[in-house]
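Novice:
Protein chains in written order, with our numbering: chain A, 483 to 1368; chain B, 483 to 1368.
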């Protein structure tokens, strides 16, 4: 039989798996000699056995009783004894904290008898009855599952009856009556009396914690966060200390430094004469922690000392919960604290300067996601404005526009050149057009996996969702916010997708200072910039992956180079066929004879050549991977439905070109263009098309070399699924390069599952591979991003089919497996094969890490994500232990 | 140094890899004591070394000379010696015969001197000069690459000059002049004299054979047939014997039994006073082999004896080439002969009856493709009709219809209820609509991989292509055939896709007797039916794979059962939503409230229930796999473009329902519906849809069981890519089954690459897998069949990207690899996992074999293909050696 119960002196912070985060840290503090009330932890193993069926495992209660006895002996009190009762709290504590689980029941051990003993011992009748009603209230809600409102309503009635406004003003007699009412509620709701037996209370609470592991919200959360479903939770049983024993008592939370900025100092809140849940519930206003110095200087000094101890010990920002009982300080919890992106960078470098950690560890303490947050534009002068509402920060950025309440209006106003924010209760696939038109999206319902959040993130559009304080009235074209604020359609609002704040009017947007720094224009005296700089320098030293950018113009190329890109991993050529050149592409498509076709190609060639020349100049000395044209040609023609309607309405008056175009559009129409005549297929079917592009590249290289430059072109063939396709194009391209006396690597995208599955063969004909993970994800899952993200991704996230969209982060089990096969078999066939990635995943932190792990040579991403990729590539290269990254 | 040359006494028929087919069989015949002229074979290894560069391998000519000397010694003649020259032929002979390679040069060793020796020895001046001009002509064309027409034209001029019509009438003097003319042509074309040295002639011919391995047509053929590019060819050098030494000489070809019907007897053609190429060239008319008995009874009897010997030795139909030189019979070649499908079945069972082979071998000697050919309808009374033209048998079947010459006319006439045959020079993607409308397609250009052939086969439509004798005049809407036949638009024609024949008028079509047999109505006294029956019985005994059918109606189910199906592997439910039920689906889609949606589902449920009840009854006692609805719902709505035009033209008069429908169509419109909201995604997004279907199945099962039946329903979820999707649907379905007190296996399609890649996880939640290889092929290659088959498959076949469309036969390297992964990892997770295939590949012979090899439990295919799958499943289960199947 395993050991199911650990006293606080028996555990330590590294036993989170077994004791949960809370239990492990309580043990750690106990062993550090800090004032932690006596207690013990029931292991996650006991919970797992309980959940496997058959009730509480044999021997658990015996072990609990043994530890309880030891605790009773140490304190000279018995649990719930009438004269001088020991009371305990029962608190859940899993390895990862998650919503939906039962949190805490305080004051276990009180009943109609022991409440009197407690009153006598404390010399405070009111305190005892207040504690008792808290027990029944918490026990009723969390263990017995009674709606919390029933208890709250009773308190409200009691306050009205007593003619008071604060619960502090309720008298002992009021509270005694409230206890009776609460017990009636329990009887009424459950059909049974509130359990008076102290051990029964404790055991029921423990089992309720176990059961809460499978609360629906917890299940969904675990699916989404990919937390294994069978970890189980630990349970902590701790001797009660009381912050509600008068004004010399109280409870508080604190951070060892500012979690918002990272600045050193004292940060926290304190509430006199209160128990823990009062701070969270916000019933009364807390006071800043500094003021504790005036109330209880000795406890304050002791607390500051403990905070220093904890920071030195954990070598990181800690957050803590504490209680003062009649002048005696007790530590109830600590953990490494959450922080903003800004704080993360400052704290990491501060700790290096303090000698607590080295630069490797500093690099580990920040993330690419945090750096990305620092790179979004933000509202200037935040401080002077008060938000009218706050929701969830669903998709970052800062957006300003006129409020609109329907997709149609969003499109209308945008067509007129207005910028709009789409405001909806929640969005559905019908709102897609409006979301595309809007600068940002605001909803009053739904969480971070709601339709609005998922789709907005997919579009890179600012979004605040679930702002529950606002009331959206689509029919009346307005929304109301707390305090009687009414915002009518057309009024300007500003939403902050990084904080979830909503402002009335136009808040000025300012560029990110971190972006200015990357652009060489930042204020280097700013300590945040200094911190970012130091971390980036270290990341660049550490990383093995090269970082390139996806860029199609000389301007983008230059910007990417500034952001640290070491070449271009994807230069798309299809964008070079837009604008006034579209007419030439139409000519190409409408060409009837080989001569007409060649004439259209001949007209395009010099334009392409100058496109390439500009990009090679901007990336002189660095590799530029040019992808030959990929999309189906009908993308360059008008839309079938629109043109059909136009020609039908024009009747006899329709122009000859429109008729010819319509015929061509119909001929080229594809049911599934993503799976149609595109990529290498175009090159093999349309004579001269790829040849024209390769010739333009070759001539641009020759030209620039003649001018003393160092152009490094690489030619990339899209959508290859079989080595034979590549061989045909390669052979033709080689000939053209040779004619021009230049050399260039010729490689292929790996973006069709078959390419990965036959990578060994394809590598024989390719100098390099570049994973096109957008297409590869679409084909591996069999869904098209444009079609399905709006239609069912939010439902899929809700159901836990995936924890994050596979278009955001590489799906390791499916797409990632294909990538691993391709890397392994490609390199086996050609050991010097260069391998990169140029899908959007190249800028996603998790995906960069994966690319490092499977041995890619480089990642390529949008210029803006280059610093993020550099940082994550550095982090990925750090020596790693089997650690939990949460 | 390897041995590069084998004398005929050193080889045998199993050395095809090294000696090529021709060389191996010549050696075999030599060892059997048959009269083969002396000779030897240069190995494929020598060719491989030559092709690897650096010319003829060291020592090859020494070895050749040694063998040549031995031959000279044996025959008492020297190669090309002036007085009594030995002459030889040089013939290519690879493991597989392929087009485009150099075939044969006869009479090597002749020159201006030895021609006189030959004349003296033969006592026939004319023969000697005829042999010499043949040498220069063949050598010039094949070794020196001179256009053959130049020589033919010279012969024509000589005949005109001599006032004769047949080459037999040319005199010795005519031929001597012709030799001079031919030599001038050689000088003129190559700038050099015709080589007089006998050894030079021989060596140049050998090198030309080596080089011809890389002739363009041979390269393309090898790609298409998946013949390795580096096998190389062998070269045979054989002492000449002469069929052109007078009327007591001649040359012929023969089969050991009728390759058309399989009947025993003497089948062959003979040509007096001729060399081999004359028979093939068709310059003079051959006589039936039987007539040889009257000309040369002794040789005839010897030949019949040799044919019996060969058949007993090879235990199969053989075809042979022979020459008679002044009454002496010589065997020049033999091989196992090609035969029709009908002959294959008859011969296989005849050989069993003769005790030459057992039933296993008989089963190996026939193929599913041959059985399929016997199952197509055919023209009745063939014999009495003379075709007006003949093309390639590109896609089998028999089609009758009015000739039309454009896609537009094909659509017009079809819309009027006419049946048409589309006649084009060649088809392009623009002809697609016409091909869909037509009953069959006839083209005058292009081979079996032309656009017309590929697309027609894909559609299962009869096609004759490359009928070069007809002249298509699309502008004049007519075609002309030899003999001044003119067929105008609208005239009835009949085309036979199994033979390539084209008839004027309507040829009556009759059902296949083999199909009638499978339907229980065949003439069992017919020996073909008896042969098929015996082979099928043996195949059923042998096979391990079960064979099911894809069927959606009770009628199809009953027919499939008749054809031997052991259950339904795919019962699609979407077809049950068409016709008058479409309105209910529209209601479902237009539903605004949950109640409206449920009402639509409630109306559909009893209809579904009765659908299922009928199918369960037809397949009583056998498994029926019902697939829940798969296609996107917009497939049940009108077309976007058509409806947009309709509403636009109607203007204010558009109906409310049309407007609502248009809005719904727009909302549900998808850019890539194949990658959209379909399959399991529909089930997870539309509440109640899958539940309705599962309930209908459960109730139909319960109903039928109550009535004493034995329904065996299996529920199949389409398009699953992640186990979580399947779990959600399975959990709901289980509940519904339990409510109805019935059980059913619940499984999933494997049709998305990710499903195969995560099969280990998915198997945990699935009772069975069924490969949907249509979708799996589309997603693995990244192309949609509907969009691309017409657009570029013919080009891809031409380029050798694939040898056969991956929609016809499973692409082993890509799709097949995913299947293997899924089988292996699925079974590892759940050893009793049942695995089948229900894509169209389930009826393709090559694919059935693959399914057997990777260990599937069953294949499922259209009812008509069930016998083919049974046969191939039996063949696949036979013990196999590493053998070449060609």
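Heads up, the beta-carbon is just placed ideally off N, CA and C, and yes, glycines get one too.
What you are looking at is a predicted structure, and each value in this text was computed from that prediction instead of being measured.
#1: So does the segment 1021-1033 of chain B actually touch the segment 1345-1359 of chain B, counting three or more Cβ pairs closer than 8 angstroms?
#2: Check whether the Cβ atoms of residue 757 of chain B and residue 588 of chain B sit closer than 8 angstroms, and answer yes or no.
#3: Going by beta carbon distance, what residues of the same chain come within less than 7 angstroms of residue 616 of chain B, once the five residues before and after it are set aside?
#4: CB-CB under 8 angstroms to residue 1216 of chain A, same chain, minus the five flanking residues each way: which ones, in chain order?
#5: Listing by chain order, which chain A residues have their CB less than 8 angstroms from the CB of residue 1159 of chain B?
#6: Which whole-angstrom value is the C-beta distance of residue 1318 of chain A and residue 1341 of chain A, which I expect to be below 8 angstroms?
#7: If the cut is a Cβ gap below 9 angstroms, which residues of chain B does residue 1295 of chain A touch?
#8: In whole angstroms, what separates the C-alpha of residue 1152 of chain B from that of residue 1156 of chain A?
#9: Just checking: is the beta-carbon of residue 957 of chain B within a distance shorter than 8 angstroms of some beta-carbon in chain A?
#10: I'd like to know if the segment 919-931 of chain B and the segment 945-952 of chain B are in contact, where contact means that at least 3 CB-CB pairs between them fall below 8 angstroms.
#11: Is there at least one Cβ from chain B nearer than 8 angstroms to residue 772 of chain A's Cβ?
#12: Which of the three DSSP states, helix, strand or coil, is assigned to residue 1369 of chain A?
#13: Can you tell me whether DSSP reads residue 589 of chain B as helix, strand or coil?
#14: Under a CB-based cut-off of 8 angstroms, is residue 1210 of chain A close to chain B?
#15: Counting pairs of beta carbons, one from the segment 1098-1110 of chain A and one from the segment 1190-1208 of chain A, are three or more of them closer than 8 angstroms?
#16: When the Cα atoms are used, what is the spatial distance from residue 596 of chain B to residue 675 of chain B?
#17: Would you tell me roughly how many angstroms separate the C-alpha atoms of residue 577 of chain A and residue 508 of chain A, rounded to the nearest one?
#18: Measure the C-alpha to C-alpha separation of residue 1198 of chain B and residue 750 of chain A and round it to an integer number of angstroms.
#19: If you draw a straight line from the C-alpha of residue 1225 of chain A to the C-alpha of residue 1234 of chain A, how long is it?
#20: Smallest Cα separation from residue 767 of chain A: which of A:673, A:713 and A:649?
#21: Check for me: the beta strand (DSSP E) holding residue 751 of chain A runs from which residue to which?
#22: For residue 1358 of chain B, which three-state DSSP category applies?
#23: Would you give the residue range spanned by the alpha helix (DSSP H) that residue 523 of chain A belongs to?
#24: Is it right to say residue 1296 of chain B is buried, meaning 16 or more other beta carbons lie within 10 angstroms of its own, or is it exposed?
#25: From which residue to which residue does the alpha helix (DSSP H) around residue 956 of chain A run?
#26: What in chain B is Cβ-close to residue 1207 of chain A, meaning under 9 angstroms?
#27: Considering Cα atoms alone, identify which of A:770, A:718 and A:837 is closest to residue 737 of chain A.
#28: Is any beta-carbon of chain A found at less than 8 angstroms from that of residue 1163 of chain B?
#29: Examine the Cβ distances between the segment 599-610 of chain B and the segment 625-642 of chain B and report whether three or more of them are shorter than 8 angstroms.
#30: Going by C-alpha distance, which of A:715, A:985 and A:1059 is nearest residue 885 of chain A?
#31: Please check the pair residue 1379 of chain B and residue 788 of chain B, which I expect to be a contact at CB under 8 angstroms, by giving their CB distance rounded to whole angstroms.
#32: Mind listing which residues of the segment 1120-1132 of chain A have their C-beta closer than 8 angstroms to chain B's C-betas, in chain order?
#33: Please state the DSSP three-state secondary structure of residue 1320 of chain A.
#34: Would you kindly check if the distance between the Cβ of residue 1173 of chain A and the Cβ of residue 1134 of chain A is under 8 angstroms?
#35: Is there a Cβ from chain A that is less than 8 angstroms from the Cβ of residue 1262 of chain B?
#36: Per DSSP, residue 768 of chain A forms a beta bridge with which residues?
Specialist: With the given structure in hand:
#1: Segments in contact, yes.
#2: Residue 757 of chain B is a Cβ neighbour of residue 588 of chain B, given a cutoff of 8 angstroms.
#3: 588, 589 and 757.
#4: Closer than 8 angstroms at Cβ, skipping near neighbours: 1228.
#5: Chain-ordered, the chain A residues with CB closer than 8 angstroms to the CB of residue 1159 of chain B read 1269, 1270, 1273 and 1274.
#6: So it is a contact: roughly 6 angstroms between Cβ atoms.
#7: Result: 1204, 1236, 1239, 1240 and 1243.
#8: Straight-line Cα distance between these residues: approximately 11 angstroms.
#9: Not a single C-beta of chain A is nearer than 8 angstroms to the C-beta of residue 957 of chain B.
#10: Yes, the segment 919-931 of chain B is in contact with the segment 945-952 of chain B.
#11: Chain B, which has no Cβ nearer than 8 angstroms to the Cβ of residue 772 of chain A, makes this no.
#12: Coverage of chain A is limited to positions 483 through 1368, which leaves residue 1369 of chain A absent and any answer about it impossible.
#13: In this structure, residue 589 of chain B counts as strand in the three-state DSSP scheme.
#14: Answer yes: the Cβ-Cβ gap between residue 1210 of chain A and chain B drops below 8 angstroms somewhere.
#15: At 8 angstroms Cβ cutoff, the stretches touch.
#16: Rounded to whole angstroms, residue 596 of chain B to residue 675 of chain B spans 17 angstroms at the Cα level.
#17: Going by the C-alpha atoms only, they are around 13 angstroms apart.
#18: Taking the straight line joining both Cα atoms gives about 58 angstroms.
#19: Rounded to the nearest whole angstrom, the C-alpha separation of residue 1225 of chain A and residue 1234 of chain A is 27 angstroms.
#20: Selected option, being the one with the closest Cα: A:649.
#21: That run of the beta strand (DSSP E) goes 746-754.
#22: Helix.
#23: Bounds of any alpha helix (DSSP H) do not take in residue 523 of chain A; it lies within the beta strand (DSSP E) bounded by 521-524.
#24: Classification for residue 1296 of chain B: buried.
#25: Neither: residue 956 of chain A is in no alpha helix (DSSP H) and is coded neither H nor E.
#26: At a beta-carbon threshold of 9 angstroms, the residues of chain B lying near residue 1207 of chain A are 1278, 1281 and 1283, ordered along the chain.
#27: For the residues A:770, A:718 and A:837, the minimum Cα distance to residue 737 of chain A belongs to A:770.
#28: It does; some Cβ of chain A falls within 8 angstroms.
#29: Cβ pair count under 8 angstroms is below three, so no.
#30: Here the closest residue by C-alpha is A:985.
#31: With chain B running from 483 to 1368 in the structure shown, residue 1379 of chain B is simply not present.
#32: Answer in chain order: 1122, 1123, 1126, 1127, 1130 and 1131.
#33: Coil at residue 1320 of chain A, not helix or strand.
#34: For residue 1134 of chain A and residue 1173 of chain A, no; Cβs fall outside 8 angstroms.
#35: Output row for residue 1262 of chain B: interface = yes.
#36: DSSP lists no partner for residue 768 of chain A.
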